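Numbering-wise (my numbering), the sequence shown opens with residue 63 and increments by one. Shown next, in structure tokens, is the structure this report addresses.
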Amino acid sequence: MAQQTNDLEAVRALAQGYKNIRAEIAKVIVGQDQVVEHLLIALLAKGHCLLVGVPGLAKTLLIKTLSEALDLKFSRIQFTPDLMPSDITGTEIIEENVSTGGKSFKFVHGPVFANIILADEINRTPPKTQAALLESMQEHHVTAAGHTYTLEEPFFVLATQNPIEQEGTYPLPEAQLDRFMFNLWLDYPSFEEEVAIVKATTSPYQPDLRQVLNAGEIVAFQELVRRVPVADNVIQFAVTLVDKTRPQSPEAPAFIKNWIRWGAGPRASQYLILGAKTRAILNGRHTPDIDDVKALAGPVLRHRLVTSFNAEAEGVSTVQIIDKLLTDAD
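This is how it looks when you write it as structure tokens:
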């Protein structure tokens, strides 16, 4: 009973903290409310995000602002074709003891040893280097020179891709894309938002950010998310929705069999439920409903569906397919 009472108080504290975080981020970032919500959901659900957007939409500034409001260590890695795995994870150097003259190896931590990692243009680097980051994402540790080093919690990776320039890139394979909880699309600001952005960024105004939460509190909230109860009908809705994306499934509609080559795997169902639980408590509710699952179906599914030649020939996108699935589910 004491645990339940504490959890109810924690839900109230998190809902208030969420409002405060959004208020702090709004001091720096104009608009992008849904992206901010999805980033916080992924962070608290122990997921990672793939952010797709053209240059100049404040991706780096958004993540840096989030890390400041949460008092987390931030690290940015610019992915390039010549980047090596050791440039991410760290490397061993020979260190000489001044007093004895003896030499020994010392491991120097790479930029992956932070709480929030911005992996900028992850598709610019070869698969070997991509794999070094993806191992850290999955295992929350780094292996170097036969030793394993545990990463600090919380550990949150946000990888970006530029949708325009595809020359000289190394697209992430489907198995690696599946490790990202959300695929978030950053769109251009509205006219009014762009006016506000220009006014704010061409004046001497410097926002004073206030720390809202810290690493220990975020880890506690991540554990709280796992304890949130979910009704069976919500889980069944999520699993049924994912199952319908698989063309070989007997439950798959005709348009899925026509437009989809490969559907989403079990990770999609897991992330739909984890995301729904997190979204519910961020809004002060103690259990998620089907609407929470529907709200997150887009970012969870759109990078997990492989369209067929028929869909490409007809100009049908994964977003349209997901929308049709949700419409049919009503």
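C-beta: ideal position from N, C-alpha, C; glycine also. Computed from a predicted structure; not experimentally measured.
query, result
"T205 beta carbon less than 8 Å from that of M146", "no"
"Nearest-angstrom Cβ-Cβ length linking E313 and K319, presumed shorter than 8 Å", "With 8 Å as the limit, E313 and K319 do not qualify as a contact, their Cβ atoms being about 11 Å apart."
"Reference P269; option with closest CA among K168, I87, L76, A326", "I87"
"Spatially closest choice to L132 from L112, I139, P350, F217, by CA coordinates", "F217"
"Alpha-carbon to alpha-carbon, E201 and P225", "28 Å"
"Enclosing beta strand (DSSP E) for H100 [first to last residue]", "From DSSP, H100 is part of no beta strand (DSSP E) but of the alpha helix (DSSP H) over 95-106."
"Length-filtered (4 minimum) alpha helix (DSSP H) runs lying within the region 209-289", "236-239, 253-263, 277-289"
"Outcome for R341 when other beta-carbon atoms lying within 10 angstroms are tallied against a minimum of 16", "buried"
"Beta-ladder partner(s) of L112, from DSSP", "A221, N245"
"Rounded Cβ spacing between V274 and G79 (contact assumed at less than 8 Å)", "6 Å"
"Contact under 8 Å by Cβ, R138 with L180", "yes"
"Beta-carbon gap between G109 and F244 smaller than 8 Å", "yes"
"Contact check, A338 vs R366, beta carbons under 8 Å", "no"
"L363 beta carbon less than 8 Å from that of I384", "yes"
"Minimum length 4: unbroken alpha helix (DSSP H) runs contained in the region 117-196", "121-131, 147-151"
"Reduced DSSP category for R347 - H, G, I as helix; E, B as strand; rest coil", "coil"
"Cβ-Cβ distance between I352 and V287 below 8 Å", "no"
"CB of S331 within 8 Å of CB of V301, strictly", "yes"
"As assigned by DSSP and simplified to three states, the class of R323", "strand"
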